[in-house]
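Protein chains in written order, with our numbering: chain E, 2 to 170; chain H, 2 to 103; chain B, 192 to 827.
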Amino acid sequence: MPGGDFHPFFFVVIAAWILVCGLGVVLFRNIIYSAVSMVFCFLGVAFAYALLNAELVAIVQILIYVGATSVVILFAIMLTEVQQSYGQLFHRQAIFAAPLAVAAAVVMTVMVVSTELADVGDTSLNLSVHALSSLLFNRYVFPFELVSLVLLAAMIGAIVLARRQGEKR
Amino acid sequence: MSPLDWWLLLAMLLFCIGAFGVLARRNTIVVIMSLELMLNAVNIALVAIAQFRAGSQGAGVLFSLFVITLAAAEVTVGLGIVIANYRAKRTVENDHFDEMKG
Amino acid sequence: MEAADSMKIAVILIVLLPLVGFITTLLFGKRMGGKAHIVPVALVTVTAALAVYAFGWVFQHQEEPFVWDAFSWIVAGRYHASWGFQVDTLTGIMLLVVGIIGMLTHYYSIGYMRGDGGYYRFFAYLNLFMFAMYMLILADNFLLLFLGWEGVGLCSYLLIGFWFDRKSASQAGKKAFLVNRVGDFGFTLGMFLVLVTTGTLQFAGVFDKAETIGAGTLLWICLLLFTGAVGKSAQFPLHVWLPDAMEGPTPVSALIHAATMVNAGVYMVARAYPLFAQSETAMLVVMVVGTFTAIFAACIAITQNDIKKVIAYSTISSLGFMFMALGAGAWVAGIFYLFVHGFFKGLLFLCSGSVIHAMGGEQDMRKMGGLRTRIPVTFWTMLIAAVALVGIFPLSGFWAKDEILGGAFAHGYYVVWLVGIVTAFLTAVFAFRMMFMTFWGESRADAEVQAHIHESPKVMTVPLVLLAIPAAAVGAVVGWPPEAGWIHRFLDPVFFAVEHEEFEWLGTGGALMAVSLAVALLGVYLAYVLYLRRRELPERLAARVPWAYEASLRKMYMDDIYEVVPVRSTIAFSRFLWTGFDVHVIDGAVNGIARLWGWFGDRLRPLQTGRVHNYAFGILAGALALVVIVGWVWGI
Numbered sequence: 002m003p004g005g006d007f008h009p010f011f012f013v014v015i016a017a018w019i020l021v022c023g024l025g026v027v028l029f030r031n032i033i034y035s036a037v038s039m040v041f042c043f044l045g046v047a048f049a050y051a052l053l054n055a056e057l058v059a060i061v062q063i064l065i066y067v068g069a070t071s072v073v074i075l076f077a078i079m080l081t082e083v084q085q086s087y088g089q090l091f092h093r094q095a096i097f098a099a100p101l102a103v104a105a106a107v108v109m110t111v112m113v114v115s116t117e118l119a120d121v122g123d124t125s126l127n128l129s130v131h132a133l134s135s136l137l138f139n140r141y142v143f144p145f146e147l148v149s150l151v152l153l154a155a156m157i158g159a160i161v162l163a164r165r166q167g168e169k170r
Numbered sequence: 002m003s004p005l006d007w008w009l010l011l012a013m014l015l016f017c018i019g020a021f022g023v024l025a026r027r028n029t030i031v032v033i034m035s036l037e038l039m040l041n042a043v044n045i046a047l048v049a050i051a052q053f054r055a056g057s058q059g060a061g062v063l064f065s066l067f068v069i070t071l072a073a074a075e076v077t078v079g080l081g082i083v084i085a086n087y088r089a090k091r092t093v094e095n096d097h098f099d100e101m102k103g
Numbered sequence: 192m193e194a195a196d197s198m199k200i201a202v203i204l205i206v207l208l209p210l211v212g213f214i215t216t217l218l219f220g221k222r223m224g225g226k227a228h229i230v231p232v233a234l235v236t237v238t239a240a241l242a243v244y245a246f247g248w249v250f251q252h253q254e255e256p257f258v259w260d261a262f263s264w265i266v267a268g269r270y271h272a273s274w275g276f277q278v279d280t281l282t283g284i285m286l287l288v289v290g291i292i293g294m295l296t297h298y299y300s301i302g303y304m305r306g307d308g309g310y311y312r313f314f315a316y317l318n319l320f321m322f323a324m325y326m327l328i329l330a331d332n333f334l335l336l337f338l339g340w341e342g343v344g345l346c347s348y349l350l351i352g353f354w355f356d357r358k359s360a361s362q363a364g365k366k367a368f369l370v371n372r373v374g375d376f377g378f379t380l381g382m383f384l385v386l387v388t389t390g391t392l393q394f395a396g397v398f399d400k401a402e403t404i405g406a407g408t409l410l411w412i413c414l415l416l417f418t419g420a421v422g423k424s425a426q427f428p429l430h431v432w433l434p435d436a437m438e439g440p441t442p443v444s445a446l447i448h449a450a451t452m453v454n455a456g457v458y459m460v461a462r463a464y465p466l467f468a469q470s471e472t473a474m475l476v477v478m479v480v481g482t483f484t485a486i487f488a489a490c491i492a493i494t495q496n497d498i499k500k501v502i503a504y505s506t507i508s509s510l511g512f513m514f515m516a517l518g519a520g521a522w523v524a525g526i527f528y529l530f531v532h533g534f535f536k537g538l539l540f541l542c543s544g545s546v547i548h549a550m551g552g553e554q555d556m557r558k559m560g561g562l563r564t565r566i567p568v569t570f571w572t573m574l575i576a577a578v579a580l581v582g583i584f585p586l587s588g589f590w591a592k593d594e595i596l597g598g599a600f601a602h603g604y605y606v607v608w609l610v611g612i613v614t615a616f617l618t619a620v621f622a623f624r625m626m627f628m629t630f631w632g633e634s635r636a637d638a639e640v641q642a643h644i645h646e647s648p649k650v651m652t653v654p655l656v657l658l659a660i661p662a663a664a665v666g667a668v669v670g671w672p673p674e675a676g677w678i679h680r681f682l683d684p685v686f687f688a689v690e691h692e693e694f695e696w697l698g699t700g701g702a703l704m705a706v707s708l709a710v711a712l713l714g715v716y717l718a719y720v721l722y723l724r725r726r727e728l729p730e731r732l733a734a735r736v737p738w739a740y741e742a743s744l745r746k747m748y749m750d751d752i753y754e755v756v757p758v759r760s761t762i763a764f765s766r767f768l769w770t771g772f773d774v775h776v777i778d779g780a781v782n783g784i785a786r787l788w789g790w791f792g793d794r795l796r797p798l799q800t801g802r803v804h805n806y807a808f809g810i811l812a813g814a815l816a817l818v819v820i821v822g823w824v825w826g827i
């Protein structure tokens, strides 16, 4: 069980929360339920980050995922006016997709279990926001600038795509 | 089983749930949400490894930040496509989008 | 060396002037209309004068031929070809024949071709022909000779098919071209062999090494070169193109297909005398082919009804005579015959052209007759030509023909002599059959044609008369006395190893001469009986031996044989290649491969569903498979 500076019980609760909410996203028939389930899942992940002593990531997770992305998705649901999936929930492909997902899980479990990773582990690390920022703006400044370009392109793309046909302005 | 392994198993299970959603659901919006689950799973793995592996903390955390940013961009564009498709076809079920069939 | 310098100018002009005439006439002739003949005829006249001048030069310098390497043509590695000219006594003789007959034919054509739609084209082609023919006889190497050789072949093709809107004419042109290709192929191979063996194509260089060439190689060289001669000079079995070549205008038949081009083969063999003289087998082949062709063609000529076809087969027979002479070792006699034959056969053709002209285009002798008094000039000149052809004393043909037969006899080829005598007899029969059917008896033409019979214009009859003089006299002038005449001494430098027979008037020579004269007269008398006195006899004779008559009339079935053996089989084979091989195997393979990939594509097509989730499934499955494979290979 994950040790360190928190009780393994917290890990179990958080993990169960994340997985149940994740299953809810995939399995709910009503798309609104799926969306809400996703928001809770994101919150769970944010708690997980907190447990991992990554406060900055946890905060960003809440800001962007719980705040922004969820809202965009809810807007999309409203715009498409399809609250419920009618007819088949899954493709016929699902009967292959489920075994494939299980197989992937098995393979990855084998990989994780059979790989010796934790020997060099050190759970007591706590990187300050200050240290992270200096890394971001020194060593990783080039990816940072690239990401800003990607965001700009995505913004323009989203506007062009979502604009109604004939609105030439 | 070290602590890191449990975190990785959590990330792996979440990834598989998301993958199943992407492959199996018909509703495109749910597919995009499942995609977000997969990205979150990857992020959990990144942050966990960063915390438990000496010398890689900064990189792992920063990469999870980049992933979150790109995921936001991806969601925006993906939903834009969904909406454009919905206008054209009055549906968001992705088995109706087969214009590229050979 | 001043004389040599003037010779250089003369030779260059001889070659260039007709070429200039060809180009100018082709470019501007159409605008000149009925006056298109002025430039080419004037140029050819000058050329003829220059040819006579060159002959005169050779006459004075018999022992040392004029050789001039004008300029380089092809330089490739060790091989070097040049525009080189050579004028020796043999060339001199050819220059006279080509120059004089060429010029007279040009004048004659002014009248004959008047009003034809292709008037300028005709003279352009004739000038091109003169250029190529001069090139052929003036060349000092095989390659340049071949250039002229192919040039005259091209002109022959163009002029046979001159009236190309007549299908038979264009077909005949193609036939001449294709049949000649067979011979030229052999000629080309022969040239290659000469080049490989001796390293040069220069006549002098090749002939210097003639004695060092191995017997087998030499035989092959001679036979291959002779193949070319067989094609060009219409010898059996490649003679079939010449009768069809009569589709061309008659001046063409006279100039190209009687007096000059068809002699090119004979000239070439005579030119290669140092090679042929070394190989007895090759000589034997030449003689046998020539002898057989002579009697073979004579047998066909005897039943033909088209006046030009008769003369055409007579030409083939005469060419056979020449090869017979060369092969038998009577080299001088062969060239002597070539010389006189050019005059009287050219004349014969021109006269027949005049007859056809008078009859309004009719060529069938069964519809002629009684023309003796209607067109007297044509009649008398043609009579001279026919008598010269038959070989009656003292006209030209007599001396040359007798010399060939005497040569064959003297060299011990008695069978050849006998065949030659029979051929001479047949020649007399068919030549006078033609004369009697055309000029004697009552006219069998339609009344309308009758009314239009007229003598040809002066521009045509004057060349006839001018040509009749050498046709009658040249034999006696150059060939007297037999075996020791002027021409024998003149050609000695070329045929350096030939020994002349002693001619005895009261010995073998005289006796043979008497026999051949008697046979010729007998032939004429037979023709007189059959075709004038008792005109019903030929039909009864034909009815008695219908197979022989039929065979002769059908040209010994040569065209039918060609039709069946090479033509049909080639067509059948091509058809098989087309419908069998090409359609099924080649196209089948190509289409099959295409269809195979099409089939694959159809099978793979459902994979591209156009649905994103299917692709996503493929991505995940592929990634998983990759992980499993990599893990398995690394042993986890």
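Note that CB positions come from ideal geometry on N, CA and C, so glycine has one too. In this text the structure is predicted, and so the values were computed from the model without any measurement.
Requested in this report: Could you confirm whether any beta carbon from chain H is found closer than 8 Å to the beta carbon of Tyr-34(E)?
Outcome: no
Query raised in the report: DSSP on Glu-730(B), reduced to helix/strand/coil?
Result: helix
Query raised in the report: Taking Leu-40(H) as the reference, which of Glu-94(H), Leu-71(H), Ala-25(H) has the closest Cα?
Result: Leu-71(H)
Requested in this report: Could you name the residues that DSSP lists as bridge partners for Ser-273(B)?
Outcome: Ser-263(B)
Query raised in the report: What span of residues does the alpha helix (DSSP H) with Ser-71(E) cover, start to end?
Result: 71-81
Query raised in the report: Where does Phe-21(H) land, buried or exposed, given buried means 16+ other C-beta within 10 angstroms?
Result: buried
Requested in this report: Taking 8 Å as the cut-off, decide whether the C-beta atoms of Ala-36(E) and Leu-75(E) are in contact.
Outcome: yes
Query raised in the report: Taking the C-alpha atoms as reference points, what is the distance between Ala-601(B) and Ile-292(B)?
Result: 33 Å
Report task. Work out the CA separation of Lys-500(B) and Pro-434(B) for me, nearest whole Å. Result -> 6 Å
Query - Distance between beta carbons of Phe-616(B) and Val-710(B), contact taken as under 8 Å - result: 5 Å
Query raised in the report: List, in order along the chain, the chain H residues whose C-beta lies closer than 7 Å to that of Phe-808(B)?
Result: Leu-24
**Report entry** Ser-35(E) - containing alpha helix (DSSP H), residue span
**Finding:** 32-52
Query raised in the report: So, using beta-carbon positions, are Val-457(B) and Gly-405(B) closer together than 8 Å?
Result: no
Query raised in the report: Is it true that the CB of Thr-441(B) sits closer than 8 Å to the CB of Tyr-298(B)?
Result: no
Query raised in the report: If you pair each beta-carbon of the region 227-235 of chain B with each one of the region 316-324 of chain B, do three or more pairs fall below 8 Å?
Result: yes
**Report entry** Within-8 Å CB hit, Gly-801(B) to chain H
**Finding:** yes
Query raised in the report: Going along the region 27-39 of chain H in order, which residues come within less than 7 Å of chain B, judged by CB to CB distance?
Result: none
Query raised in the report: Among Met-625(B), Ala-489(B), Tyr-806(B), which residue has its Cα nearest to the Cα of Phe-540(B)?
Result: Met-625(B)
Query raised in the report: Where does Asn-496(B) sit, in a helix, a strand or coil, going by DSSP?
Result: coil
Query raised in the report: What in chain H is Cβ-close to Ala-159(E), meaning under 8 Å?
Result: Thr-77, Val-78, Leu-80, Gly-81
Report task. For Asp-375(B), name the three-state secondary structure that DSSP assigns. Result -> helix
Query - Opposing strand residues paired with Gln-393(B) [DSSP bridges] - result: Asn-332(B)
Query raised in the report: How close, in whole Å, do the beta carbons of Phe-276(B) and Trp-259(B) come, if the pair is a contact with beta carbons under 8 Å?
Result: 5 Å
Requested in this report: Compare the C-beta of Met-156(E) with all C-beta atoms of chain H and state if any pair is closer than 8 Å.
Outcome: yes
Report task. Would you verify that the beta carbon of Asp-6(H) is, or is not, closer than 8 Å to some beta carbon of chain B? Result -> no
Report task. Could you give the DSSP three-state label for Arg-759(B): helix, strand or coil? Result -> helix
Query raised in the report: Could you check where the alpha helix (DSSP H) with Glu-146(E) kicks off and where it finishes?
Result: 142-163
Query raised in the report: What is the rounded straight-line gap between the Cα of Leu-721(B) and the Cα of Ile-493(B)?
Result: 12 Å
Requested in this report: Might you give, ordered along the chain, the residues of its own chain that have their beta carbon closer than 6 Å to the beta carbon of Leu-47(H), omitting 5 neighbours on each side?
Outcome: Gly-61, Phe-64, Ser-65
**Report entry** Complete alpha helix (DSSP H) runs within the region 625-672 of chain B (minimum length 4 residues, chain order)
**Finding:** 638-643, 649-670
Query raised in the report: Is the region 641-652 of chain B touching the region 581-595 of chain B, taking contact as three or more C-beta pairs under 8 Å?
Result: no
Query raised in the report: Which stretch, first to last residue, makes up the alpha helix (DSSP H) that contains Pro-442(B)?
Result: 441-445
Requested in this report: Closer than 7 Å by beta-carbon distance: list the chain H residues that pair up with Ala-98(E), in chain order.
Outcome: Phe-21, Leu-24, Ala-25
Query raised in the report: Going by DSSP, what residues sit across from Asp-555(B) in a beta bridge?
Result: Asp-497(B)
**Report entry** Gly-381(B) classed as buried or exposed, judged by whether at least 16 other C-beta atoms fall within 10 angstroms
**Finding:** buried
Query - Where Asn-95(H) meets chain B, residues with beta-carbon distance less than 9 Å - result: Arg-802, Val-803, His-804
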